[in-house]
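Reading through the structure tokens given below for one structure.
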Amino acid sequence: MPTILPLVTLTTDFGTRDSYVAELKGVLLSEGPPDLRVVDLSHELSPFDIHGAALFVRAALPRFPSGTVHLVVVDPGVGSARRALIVKKRDMTLVGPDNCVLSYLLDGSESLYEIDRAQLGERPISSTFHGRDLFAPVAARLAAGAPPESLGRPIESVQRMAFPMVEIRGDALQGRIIHVDRYGNLVTNVSEATLRGFLGARAPASMSLMIGEHAIRKRVDHYAEGKRGELVMLIGSAGFVEIAACEANAASLLAAEVGRAVRVVCKD
Amino acid sequence: MPTILPLVTLTTDFGTRDSYVAELKGVLLSEGPPDLRVVDLSHELSPFDIHGAALFVRAALPRFPSGTVHLVVVDPGVGSARRALIVKKRDMTLVGPDNCVLSYLLDGSESLYEIDRAQLGERPISSTFHGRDLFAPVAARLAAGAPPESLGRPIESVQRMAFPMVEIRGDALQGRIIHVDRYGNLVTNVSEATLRGFLGARAPASMSLMIGEHAIRKRVDHYAEGKRGELVMLIGSAGFVEIAACEANAASLLAAEVGRAVRVVCKD
Amino acid sequence: MPTILPLVTLTTDFGTRDSYVAELKGVLLSEGPPDLRVVDLSHELSPFDIHGAALFVRAALPRFPSGTVHLVVVDPGVGSARRALIVKKRDMTLVGPDNCVLSYLLDGSESLYEIDRAQLGERPISSTFHGRDLFAPVAARLAAGAPPESLGRPIESVQRMAFPMVEIRGDALQGRIIHVDRYGNLVTNVSEATLRGFLGARAPASMSLMIGEHAIRKRVDHYAEGKRGELVMLIGSAGFVEIAACEANAASLLAAEVGRAVRVVCKD
Numbered sequence: 001m002p003t004i005l006p007l008v009t010l011t012t013d014f015g016t017r018d019s020y021v022a023e024l025k026g027v028l029l030s031e032g033p034p035d036l037r038v039v040d041l042s043h044e045l046s047p048f049d050i051h052g053a054a055l056f057v058r059a060a061l062p063r064f065p066s067g068t069v070h071l072v073v074v075d076p077g078v079g080s081a082r083r084a085l086i087v088k089k090r091d092m093t094l095v096g097p098d099n100c101v102l103s104y105l106l107d108g109s110e111s112l113y114e115i116d117r118a119q120l121g122e123r124p125i126s127s128t129f130h131g132r133d134l135f136a137p138v139a140a141r142l143a144a145g146a147p148p149e150s151l152g153r154p155i156e157s158v159q160r161m162a163f164p165m166v167e168i169r170g171d172a173l174q175g176r177i178i179h180v181d182r183y184g185n186l187v188t189n190v191s192e193a194t195l196r197g198f199l200g201a202r203a204p205a206s207m208s209l210m211i212g213e214h215a216i217r218k219r220v221d222h223y224a225e226g227k228r229g230e231l232v233m234l235i236g237s238a239g240f241v242e243i244a245a246c247e248a249n250a251a252s253l254l255a256a257e258v259g260r261a262v263r264v265v266c267k268d
Numbered sequence: 269m270p271t272i273l274p275l276v277t278l279t280t281d282f283g284t285r286d287s288y289v290a291e292l293k294g295v296l297l298s299e300g301p302p303d304l305r306v307v308d309l310s311h312e313l314s315p316f317d318i319h320g321a322a323l324f325v326r327a328a329l330p331r332f333p334s335g336t337v338h339l340v341v342v343d344p345g346v347g348s349a350r351r352a353l354i355v356k357k358r359d360m361t362l363v364g365p366d367n368c369v370l371s372y373l374l375d376g377s378e379s380l381y382e383i384d385r386a387q388l389g390e391r392p393i394s395s396t397f398h399g400r401d402l403f404a405p406v407a408a409r410l411a412a413g414a415p416p417e418s419l420g421r422p423i424e425s426v427q428r429m430a431f432p433m434v435e436i437r438g439d440a441l442q443g444r445i446i447h448v449d450r451y452g453n454l455v456t457n458v459s460e461a462t463l464r465g466f467l468g469a470r471a472p473a474s475m476s477l478m479i480g481e482h483a484i485r486k487r488v489d490h491y492a493e494g495k496r497g498e499l500v501m502l503i504g505s506a507g508f509v510e511i512a513a514c515e516a517n518a519a520s521l522l523a524a525e526v527g528r529a530v531r532v533v534c535k536d
Numbered sequence: 537m538p539t540i541l542p543l544v545t546l547t548t549d550f551g552t553r554d555s556y557v558a559e560l561k562g563v564l565l566s567e568g569p570p571d572l573r574v575v576d577l578s579h580e581l582s583p584f585d586i587h588g589a590a591l592f593v594r595a596a597l598p599r600f601p602s603g604t605v606h607l608v609v610v611d612p613g614v615g616s617a618r619r620a621l622i623v624k625k626r627d628m629t630l631v632g633p634d635n636c637v638l639s640y641l642l643d644g645s646e647s648l649y650e651i652d653r654a655q656l657g658e659r660p661i662s663s664t665f666h667g668r669d670l671f672a673p674v675a676a677r678l679a680a681g682a683p684p685e686s687l688g689r690p691i692e693s694v695q696r697m698a699f700p701m702v703e704i705r706g707d708a709l710q711g712r713i714i715h716v717d718r719y720g721n722l723v724t725n726v727s728e729a730t731l732r733g734f735l736g737a738r739a740p741a742s743m744s745l746m747i748g749e750h751a752i753r754k755r756v757d758h759y760a761e762g763k764r765g766e767l768v769m770l771i772g773s774a775g776f777v778e779i780a781a782c783e784a785n786a787a788s789l790l791a792a793e794v795g796r797a798v799r800v801v802c803k804d
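Residue numbers (our numbering), protein chains in the order written: chain A, 1 to 268; chain B, 269 to 536; chain C, 537 to 804.
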């Protein structure tokens, strides 16, 4: 039994210049419980960027109260043969397309369901807007307390992609930029734990973070440390090594984007 | 008696960099019922674009629960002689300026009211921000259950514009692009019903959609069909013929924008 | 005792492409009262623009119901020695960094508190995201009714900046552009009261507003007055003199931005 008022969160790449988000909210509020709260997480994800969306929901959704229903619609394959999913975890329920966007939230303990359109009755379902016609009605019903079994068929597995792994090549950790934030901070896939394991007994001061021809040696605790424009590394709020520039935009300074290689090396 | 908790939706061209939306929400929440839910539909409509806003609300507002109050503020004529309206439909109440923005929601069955400032008491009403000083207080009172008669005078008619009609010229349907969405899909004013009527007994395969020098012949069911970059036509989620490009941006490929002519022709 | 359902507003420079706003909302909804309403004011403030944010909250927050908790996170100094604040006013509670962003809301009657991390228990607090780890948990507790004294230490003063003052130089009022809005309207720091005092017994028609080489003489009541493209002055919705261009963008026409000097002069 949920201890909160019914809550549905929305994560899409729809933007809000078009009416898509508004139509979807209308369906949720019409078909959901009368005291439903709908919370916008983002509608500004890059169109069709499954990796970016997967990172977004990995960081955000576990922060929400137990019982929250999360609607995640980044869905370039809408209308094709890709399945529509309900994923029931212990503390949240996910609704979205079977296209890897939920991958980084899955740990094998989930109950998985393929949404069965027949359970939604006679409604028309467009082939281009499942967010409105399929996912929102399902999320509304889940928020009202319907069990996933009443809306879909249990399935064994879903499409998954692996989190981009760090490699050890010789004496270096080989990683990459996985996200560039609004401030131009470059988030890598090198976690704090991985970094600590790699450093082992070596002196932290011996470490450099290489990106292209740049060697970043200054490690700081927060963004306001360092001289203006200086490139620094730090552990960001998601627990990954970041490259930042004090009062400046590291992405611009380094002309860096998602996918760019980084290396952590140590000089003894 | 409403079956939902009080609900006010917001559709504006204010953006959220300025404080306008925030001020308006403050008034709604201060003067509305204590359990009011305020739902953002869009604040990113193009400044002063009445046609775009009219299409937006036509697509979105009918999706909301009966009893919802919809505030629509795209209002280049704020402070001028244009009237301020309440439009009461069977299943929704609209509040906004009398500048055609509500046109595509009107079918003649509505009760129309001109807002009477005197009903709002002694409050100051700026001449540049009726959204905050006039429309929001009215929407707050309507959401709390006040009847429209208590806030305005019945009127017989309001400003209206016609939906942009398709014409038949010789053997062709002549339409135009009425919206370009975030993904670059080009929405035309040719409805599915109009297309079906035009085709009649002719073979669907004989149909071409002409835009400038391009003839689009491939008709698909959803965006993921077709080869990468291929131009296709389909029926979009609002029931209109759309031009899309598989995994690409049709608007960029065709350098097309709102107003551009399209023609549907058949070769027998 | 609040007369409204618990309400927390959010004002940040986070944007919504990153997961920062979503993470913060998750914390608020997890740790706040079960019927909490979270209302977005803006996430599109210019990164690190303390002055712009201070003007924004000055205009917006006083519109909200008594008892509202306002979270304001524009925080370039996150993780540094800057303090984290609770400011209790008669009709609102503010939570944010001690970096002047709340200055224009302070009148000396407030109770001021420095947030005491120890009151939040054993939770991890990142050095780069106090919005999520420090301010949101505090706002959630305040919204649930916790007194500020239970979350922080009383302090005597906070960082403040003065509102940019108008100067009288010879026969002129010397002001400046303090905000450019979405429509290109240029908001100055010359208030209606200041203007009235300066004019005194002089004829309003003798007044000119100078910006660079331009002398603006036409004073209007609202934006729709005047000829298309004509530069006009008016009193905007926040009570300050604005420069606008009828159906056009004054900021573009004048290549004007925040900080640009303006002068009000009178010819007798």
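Built from N, CA and C at the ideal position, the CB exists for glycine as well.
DSSP bridge partner residues for residue i (one or two, in chain order)
i                      : result
residue 741 of chain C : Residue 741 of chain C is not bridged to any residue.
residue 338 of chain B : B/277, B/362
residue 349 of chain B : None, per the DSSP bridge assignment.
residue 393 of chain B : Per DSSP, none; premise fails for residue 393 of chain B.
residue 88 of chain A  : A/93, A/111
Nearest to residue i (by Cα), restricted to the options the options
i                      : options                    : result
residue 560 of chain C : C/633, C/801, C/650, C/673 : C/673
residue 774 of chain C : B/322, B/397, B/313, B/382 : B/397
residue 30 of chain A  : B/461, B/414, B/449, B/360 : B/360
residue 678 of chain C : C/649, C/663, C/660, C/703 : C/649
residue 44 of chain A  : C/569, C/550, C/585, C/570 : C/550
residue 116 of chain A : A/84, A/109, A/8, A/161    : A/84
residue 247 of chain A : C/617, C/654, C/758, C/583 : C/583
residue 709 of chain C : C/553, C/800, C/576        : C/800
residue 588 of chain C : C/618, C/563, C/636, C/604 : C/636
residue 295 of chain B : C/568, C/577, C/563, C/558 : C/577
residue 89 of chain A  : A/75, A/69, A/81           : A/69
residue 501 of chain B : B/289, B/512, B/478, B/495 : B/512
residue 102 of chain A : A/131, A/120, A/160        : A/160
residue 302 of chain B : B/479, B/344, B/276, B/443 : B/276
Counted within 10 angstroms of its Cβ, other Cβ atoms place residue i as buried (16 or more) or exposed
i                      : result
residue 107 of chain A : exposed
residue 215 of chain A : exposed
residue 464 of chain B : exposed
residue 251 of chain A : buried
residue 537 of chain C : Its pLDDT being 37, under 50, residue 537 of chain C is placed unreliably by the model, and the measurement read from it follows with that caveat. By the 10 Å Cβ count, residue 537 of chain C comes out exposed.
residue 167 of chain A : exposed
residue 157 of chain A : exposed
residue 365 of chain B : buried
residue 555 of chain C : buried
residue 242 of chain A : buried
residue 528 of chain B : buried
residue 171 of chain A : exposed
residue 394 of chain B : buried
residue 300 of chain B : buried
residue 504 of chain B : buried
residue 743 of chain C : buried
Beta-carbon neighbours of residue i, restricted to chain C and to distances below 8 angstroms
i                      : result
residue 39 of chain A  : 561, 565, 574
residue 277 of chain B : The contacting residues do not exist; residue 277 of chain B stays about 14 angstroms from chain C at best.
residue 366 of chain B : Those within 8 angstroms of residue 366 of chain B in chain C number zero; the least Cβ separation is about 13 angstroms.
Residue i: contacting residues in chain B (beta-carbon distance under 7 angstroms)
i                      : result
residue 719 of chain C : 315
residue 757 of chain C : 347, 395
Amino acids of chain B, ordered along the chain, whose beta-carbon sits closer than 9 angstroms to that of residue i
i                      : result
residue 109 of chain A : Here the premise fails: no neighbours, minimum Cβ distance about 31 angstroms.
Contact set between residue i and chain A, taken where Cβ atoms lie within less than 7 angstroms
i                      : result
residue 413 of chain B : Those within 7 angstroms of residue 413 of chain B in chain A number zero; the least Cβ separation is about 16 angstroms.
_Every unbroken alpha helix (DSSP H) inside the stretch 430-507 of chain B [4 residues or more]_ = For the stretch 430-507 of chain B, whole alpha helix (DSSP H) runs of length 4 or above, ordered along the chain, are 460-467.
*Ignoring anything shorter than 3 residues or poking outside the stretch 555-601 of chain C, list the beta strand (DSSP E) runs there in chain order.*
573-578
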